[in-house]
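Every letter in the sequence shown is one number past the one before it in the numbering used here, and letter 8, counting from 1, is 36.
Here is the structure we will look at.
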Amino acid sequence: MNPVTEATAPEAKKPALPDAQTVTQVKHWTDRLFSFRCTRPASLRFRSGEFVMIGLMGDPHPKTGKPKPLLRAYSIASPSWDEEMEFYSIKVPDGPLTSKLQHIEVGDEIILRPKPVGTLVHDALLPGKRIWFFATGTGFAPFASLLREPQTYEDYDEVIITHTCREVGELTYGAELIESLKHDELLNEVIGEGFWKKIKYYPTTTREESPKMGRITDLLRSGEAFEDLGVPPLKPETDRAMICGNLAFNQELKALFEEEYGLEEGANSKPAHYVVEKAFLD
29 MNPVTEATAP
39 EAKKPALPDA
49 QTVTQVKHWT
59 DRLFSFRCTR
69 PASLRFRSGE
79 FVMIGLMGDP
89 HPKTGKPKPL
99 LRAYSIASPS
109 WDEEMEFYSI
119 KVPDGPLTSK
129 LQHIEVGDEI
139 ILRPKPVGTL
149 VHDALLPGKR
159 IWFFATGTGF
169 APFASLLREP
179 QTYEDYDEVI
189 ITHTCREVGE
199 LTYGAELIES
209 LKHDELLNEV
219 IGEGFWKKIK
229 YYPTTTREES
239 PKMGRITDLL
249 RSGEAFEDLG
259 VPPLKPETDR
269 AMICGNLAFN
279 QELKALFEEE
289 YGLEEGANSK
299 PAHYVVEKAF
309 LD
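Now the structure itself:
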């Protein structure tokens, strides 16, 4: 794993792009993953777990010579109360956007369209006892927001976050965030001292050796995950879940939830037992 590198902000400069926000912090977690923070539009309101379109100006069009905004959907990793915006991204060498985005530095500008949407919100779930967050790779991002959202702990007695990655270093962002909750004076004051004790963190890897190997779907099917966590299998009466991962992962978990555990998919307009982030692609 590459050492984490970090930079913090000088004074923000005047925006020149449409819907421009200024980068205030960049962290490179591995050679494939990075996170960054930027200023937040004064008028922007969002629910923890939602996403926005962010990006950069693309290359000039060969005929017109004018560049067009290059935008992608990104889950907001910061909670709704944060004064800044945080995002967690993969680096794709030939990716139209991430090939450029991975080189941003503090003081640079990004485009942020202030129209948040998404399904990974508390409003889309019925009341329950236990909330499960299932993530692969950078699918951890919306849960980074929800793990710092007071409502998560008001609504549920237990919060289980599973994070499956190929290599150990790819778990660092999530592991450090969860550890930081123990020492977050603001959240301990607002939510209640020791709120983080409700969290059960279950990281797994599929390639590199780690304390827990395996795909979370296999660990659920075998019952190993429930045994490790000390909880019963999911039930419609008590369990709620959110999924954010690659398309195959999302579809496999959806099938498992419905066929094995009898859970129904919810939406903002019709709350139920689980929701899936359809915009995310790892």
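No residue lacks a Cβ here, since even glycine has one placed at the ideal position from N, Cα and C.
Residue i classed as buried or exposed, judged by whether at least 16 other C-beta atoms fall within 10 angstroms
i	result
A152	buried
T92	exposed
R249	exposed
K42	With a pLDDT of 49 at K42, under the threshold of 50, the predicted position of this residue should be treated as unreliable, though the coordinate-derived value follows. The residue is exposed, with fewer than 16 neighbouring Cβ atoms inside 10 Å.
R158	buried
A253	buried
D47	buried
N296	exposed
W57	buried
V303	buried
S208	exposed
D279	Strictly speaking, residue 279 in this sequence is Gln, with Asp absent from that position. Flag for Q279 reads exposed.
G202	buried
R75	buried
K55	buried
G294	buried
E182	exposed
E198	buried
L129	buried
E204	exposed
Identified DSSP bridge partners for residue i
i	result
R100	I82
F115	F64
W3	Summary: the structure shown does not reach residue 3, with the chain confined to residues 29 through 310, and so no result is reported for it.
P95	P88
T234	Answer is none; T234 lacks a bridge partner.
I132	According to DSSP, I132 bridges with nothing at all.
V51	C66
R141	M81
E293	Y302
Y229	I189
Under 8 Å between C-beta atoms of residue i and residue j
i	j	result
A163	H191	yes
E137	R65	no
I11	F161	Since the first residue shown for the chain is 29 and the last is 310, residue 11 is missing from the structure and cannot be characterised.
S108	E114	no
I82	R100	yes
A276	L291	no
V259	K226	no
L214	T232	no
P178	I219	yes
S63	Y116	yes
P264	H301	yes
L98	P124	yes
Nearest residue (CA-CA) to residue i, options the options
i	options	result
L61	S127, F74, P107, V304	S127
V196	I189, E221, M241, N216	M241
E305	Q49, F223, P97, L281	L281
T166	P155, R194, Y181, L154	R194
S71	L140, D87, K55, Y116	L140
V134	L257, A105, T52	T52
A172	P95, L148, L154, L247	L148
S238	I206, E221, T200, G258	T200
P142	R68, H89, P299	R68
M85	E217, G251, L45	L45
Contact belief for residue i with residue j at Cβ below 8 Å, rounded distance in angstroms
i	j	result
T234	L284	Not a contact, Cβ separation roughly 17 Å.
F79	V145	7 Å
Y229	P261	Their Cβ separation, rounded to whole angstroms, is 19 Å, which puts Y229 and P261 out of contact at 8 Å.
G156	D267	6 Å
G77	L174	5 Å
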